[in-house]
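Undergrad:
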Amino acid sequence: MKTDYNKVFDSLCKSKSVKAHFNALNKIYLSTTDNKLKNFLNAALSNLLDPKYLKNSTPIPLSKSSLRCFVDLLEYCKAKNKTMYYRQSRDTFIRSIGEYGYIKSQLTKHDRTYTQESQAFLEVLSREPQSLEELSIKACEYFEDVIPADIQNDMREFLDSLVADRYLVSGETAEECAAKDTYFSYAENPKTLEPSQQSVEGVGGV
535 MKTDYNKVFD SLCKSKSVKA HFNALNKIYL STTDNKLKNF LNAALSNLLD
585 PKYLKNSTPI PLSKSSLRCF VDLLEYCKAK NKTMYYRQSR DTFIRSIGEY
635 GYIKSQLTKH DRTYTQESQA FLEVLSREPQ SLEELSIKAC EYFEDVIPAD
685 IQNDMREFLD SLVADRYLVS GETAEECAAK DTYFSYAENP KTLEPSQQSV
735 EGVGGV
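In the working numbering, the protein residues as written are 535 to 740.
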């Protein structure tokens, strides 16, 4: 099933009247749950409402427009359409405790507790890289009458918030995820080294 970003991209690339563009983009605006996308769509729709454009019946592809509102909208959708993979950081641990989901980072010493929908999102994570689509499909098993497209935007926001706080790593490939990962090591903590291993720089005037 196409994402809202695919729908916007496809619509802007097609040659059709300004009114047809407006109707297509407005339909996506009314259905999407991505607030950032709503803001970009709102700017584009406001521009299309200008009478000098709306009355133009000549079929045109808005993807070729140089107007900032359409350029920004396209760039946002292109970025969101990239296949991203997510996995737990090596020092992150996930546990389920009754109705609660718990995640803790040994690296940052931070933790979070989740319930209901977010707990289901947490349950499907692992240390193996998985795409947003794969994770959304797995998370659907925890709900009734839900398809991946229904939860994908919420799942993306959830995952990106965990990436921002270093509970997860993300990338366009498994290799990129691995390269971004950091982990706690006693060998990197001077307080845990034996005296003979510590630097003597500065001792005796050296």
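All residues carry an ideal CB built from backbone N, CA and C; glycine is no exception.
Confirm, please, whether the CB-CB distance from N590 to F543 is below 9 Å.
TA: For the purposes of this step, residue 543 is taken as residue 9 along the sequence shown, with counting starting at 1. For the purposes of this step, residue 590 is taken as residue 56 along the sequence shown, with counting starting at 1. No, the Cβ-Cβ distance between F543 and N590 is not below 9 Å.
Undergrad: Can you tell me the Cα-Cα spacing of Y701 and P593, whole angstroms?
TA: Reading the sequence shown from its first residue, position 167 is the one you call residue 701. Reading the sequence shown from its first residue, position 59 is the one you call residue 593. Going from the Cα of Y701 to the Cα of P593 covers about 48 Å.
Undergrad: CB C547 to CB Y620, shorter than 9 Å?
TA: Against the sequence shown, residue 547 aligns to sequence position 13. Against the sequence shown, residue 620 aligns to sequence position 86. Contact: no.
Undergrad: Around the Cβ of D585, are there at least 16 other Cβ atoms within 10 angstroms (buried) or fewer (exposed)?
TA: By one-based count along the sequence shown, residue 585 stands at place 51. The sequence as given places Pro at residue 585; Asp does not occur at that position. P585 is exposed by the Cβ-count criterion.
Undergrad: Please classify P663 as buried or exposed, where buried requires at least 16 neighbouring CB atoms within 10 angstroms.
TA: Start at 1 with the first residue of the sequence shown, and residue 663 comes out as number 129. Buried: at least 16 other Cβ atoms inside 10 Å.
Undergrad: When you compare each of H555, P595, L608, F556 to K570 by their alpha carbons, which one comes out closest?
TA: Here residue 570 is taken as the residue at index 36 of the sequence shown, counted from 1. For the residues H555, P595, L608, F556, the minimum Cα distance to K570 belongs to L608.
Undergrad: Out of Q622, A683, E651, which has the shortest C-alpha to C-alpha gap to A698?
TA: To locate residue 698, count along the sequence shown from 1; it is residue 164. That would be Q622, whose Cα lies nearest to the Cα of A698.
Undergrad: If you follow the beta strand (DSSP E) that S639 is part of, which residue opens it and which one closes it?
TA: On the sequence shown, position 105 is the one that residue 639 refers to. Taken as a continuous stretch (DSSP letters only), the beta strand (DSSP E) holding S639 covers 634-639.
Undergrad: Shorter than 9 Å from the beta carbon of A708 to some beta carbon of chain C?
TA: The chain inventory of the structure shown lacks chain C, comprising one protein chain alone.
Undergrad: Could you give the DSSP three-state label for F677: helix, strand or coil?
TA: The residue given as residue 677 occupies position 143 in the sequence shown. Here F677 sits in coil by DSSP.
Undergrad: Tell me, which residues are paired with F627 by DSSP?
TA: Along the sequence shown, one-based indexing puts residue 627 at 93. F627 pairs with K638.
Undergrad: Between the alpha carbons of D679 and T626, how many angstroms are there, rounded?
TA: In the sequence shown, counting from the first residue as 1, residue 679 sits at position 145. In the sequence shown, counting from the first residue as 1, residue 626 sits at position 92. Approximately 31 Å, taken between the alpha carbons.
Undergrad: Tell me which same chain residues have a C-beta within less than 6 Å of the C-beta of Y636, skipping the five on either side of it?
TA: In the sequence shown, the residue the question calls residue 636 occupies position 102. Taken in chain order, the residues that qualify are R629, T647.
Undergrad: Can you tell me whether V542 is helix, strand or coil according to DSSP?
TA: Here the question's residue 542 lines up with position 8 in the sequence shown. The answer is helix: DSSP assigns V542 an H, G or I state.
Undergrad: From T707 to S695, what distance separates their C-alpha atoms?
TA: The residue you call residue 707 lines up with position 173 of the sequence shown. The residue you call residue 695 lines up with position 161 of the sequence shown. The alpha-carbon atoms of T707 and S695 are separated by roughly 19 Å.
Undergrad: What residues in its chain sit with their C-beta under 7 Å from that of L601, if we drop five residues either side in the sequence?
TA: For the purposes of this step, residue 601 is taken as the residue at position 67 of the sequence shown. The residues are N581.
Undergrad: Starting from the Cα of F604, find the closest Cα among K714, L575, E709, T617 and give me that residue.
TA: The sequence position of residue 604 within the sequence shown is 70, counting from 1. Selected option, being the one with the closest Cα: L575.
Undergrad: In the DSSP output, what is V703 paired with across the bridge?
TA: The count along the sequence shown starts at 1 and reaches residue 703 at position 169. BP columns for V703 point to R621.
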